[in-house]
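Below is one structure, written out as structure tokens; the observations come after it.
Residue numbers (this note's numbering): 747 to 1104.
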């Protein structure tokens, strides 16, 4: 029993000693690794200087005036070469801006024109969409020729041309048939006015025709045309896989800003009004230079141009035949009606709005 008590006492002594050692270690370690007290740094004074800025949104080419310039404080360490400080503000009066700047922008020497330097020509943003080697040309359109106004910028289209041919007198360059005239030679020359023979020409007597032999009577008959020469039409797929740059006219510079300003002035009345849809009258296509000259010629020659919309991912090009009346009859096996001794009523060859003659 005594040995058991001795062991218990020894165990208690060891436990108490271990606890005391832990407490001493925590106190010693806490004092050893305690964070040092932070010392607040002494603030150093910030030195500033007033620099010149623009107080309004200005476009390129604007000549600076005193009412569009102002100053703001700027850290002197951040002032870069090319900036203007308040004491240099008078030197900026009359200088011209090279680029557009927004309100609050510091005036830099790089933003101003020097001496005889010209304004940079950035061009229109539309020209950036034209690939190298291509150009843009506009052609007229209407509801039918534009696929009911379906094309949009970036679409691919084919261009169809419709031409009408007539016969011309190669010397006069006028449409056949020629007019006939009566030439009357004068008598003796007029000694008082002219020593040359006078000639009177009447060109209103008739139309040039031709002589044929009637197969029944065997007599010569002079015939003339009953109407003006009818043109011979041909339709052909002129261009394929052409990219549309714009439908309708392009917006002029400053037009959007003017429209926004007008809307602000009119207020809610403008928003309540129904927006009028303006149908486009032209379309601009991206073509090679030779095709652009061809389209320009056809437009000025009065040819009719039409568009055919195609899939933007379809780049195939087909060899197509021009369509004439003869092609139409042969390709689609259209039979020309023969002349019969009977017919149908009412007449179906009369155009709408016209009356036939009995």
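Think of the CB as a built atom: it goes at the ideal place given N, C-alpha and C, for glycine as much as any other residue.
Restricting to Cα atoms, I'd like to know which of the options is closest to residue i.
i            : options               : result
residue 884  : 1055, 821, 858, 1040  : 1040
residue 844  : 899, 854, 850, 837    : 854
residue 745  : 1084, 975, 1032       : Examination of residue 745 is not possible in this model, given that the chain is present from 747 through 1104 alone.
residue 806  : 984, 859, 986         : 859
residue 1066 : 1026, 970, 815, 907   : 907
residue 852  : 957, 1026, 926, 797   : 797
residue 795  : 829, 958, 955, 910    : 829
residue 987  : 809, 1077, 1057       : 1057
residue 970  : 1047, 867, 925        : 925
residue 995  : 872, 838, 827         : 872
residue 835  : 850, 827, 816         : 816
residue 877  : 900, 1023, 1084       : 900
residue 910  : 985, 850, 975, 959    : 975
residue 1063 : 985, 1081, 1048, 1043 : 985
residue 972  : 841, 839, 954, 960    : 954
Quick one: what's got a C-beta closer than 6 Å to residue i's C-beta in the same chain, skipping five residues either side?
i            : result
residue 1035 : 881
residue 1087 : none
residue 938  : Low confidence applies here, because residue 938 scores a pLDDT of 49, under 50, leaving its location unreliable and the question unanswered by this model.
residue 1104 : Annotation note: pLDDT 42 at residue 1104 (below 50); position unreliable, coordinate value reported separately. Closer than 6 Å at Cβ, skipping near neighbours: no residue.
residue 956  : none
Could you please give me the residues that DSSP links to residue i through a beta bridge?
i           : result
residue 981 : 908, 1069
residue 925 : 953
residue 816 : 799
residue 793 : Answer is none; residue 793 lacks a bridge partner.
residue 887 : None, per the DSSP bridge assignment.
residue 968 : 957
residue 992 : 1030
residue 893 : Looking at the DSSP assignment, residue 893 forms no beta bridge with any residue, so it has no partner.
residue 881 : 1033
residue 867 : Residue 867 is not bridged to any residue.
residue 809 : 842
Short of 7 Å in beta carbon distance, which residues of its chain neighbour residue i, apart from the five on each side in sequence? Order them along the chain.
i           : result
residue 897 : 903, 990, 993, 1029, 1053, 1055
residue 804 : 814, 843, 846, 847
residue 819 : 794, 796
residue 838 : 798, 810, 815, 830, 853
Got a sec? Which residues, its chain only, sit under 8 Å from residue i by beta carbon, not counting five neighbours each side?
i            : result
residue 778  : Residue placement at residue 778 is flagged as unreliable, the pLDDT there being 48, under the threshold of 50; a coordinate-derived value is accordingly withheld.
residue 824  : none
residue 1045 : 885, 886, 1051
residue 920  : 914
residue 870  : 996
residue 923  : 953, 954, 955, 970, 971, 975
Comparing the C-beta of residue i with each C-beta of chain D, is any distance below 8 Å?
i            : result
residue 1069 : The chain labelled as chain D is not found in the depicted structure, where only one protein chain is given.
Touching by the beta-carbon criterion (3+ pairs, under 8 Å), the stretch 911-918 and the stretch 1048-1058: no
Within the chosen definition, does the stretch 957-966 reach the stretch 981-1001 through at least 3 CB pairs nearer than 8 Å? no
Any contact between the stretch 973-983 and the stretch 1057-1077? By contact I mean 3 or more CB pairs, one from each, below 8 Å. yes
Taking only runs that begin and end inside the stretch 1034-1090, name each unbroken alpha helix (DSSP H) of 4 or more residues, in chain order. 1035-1047, 1071-1077
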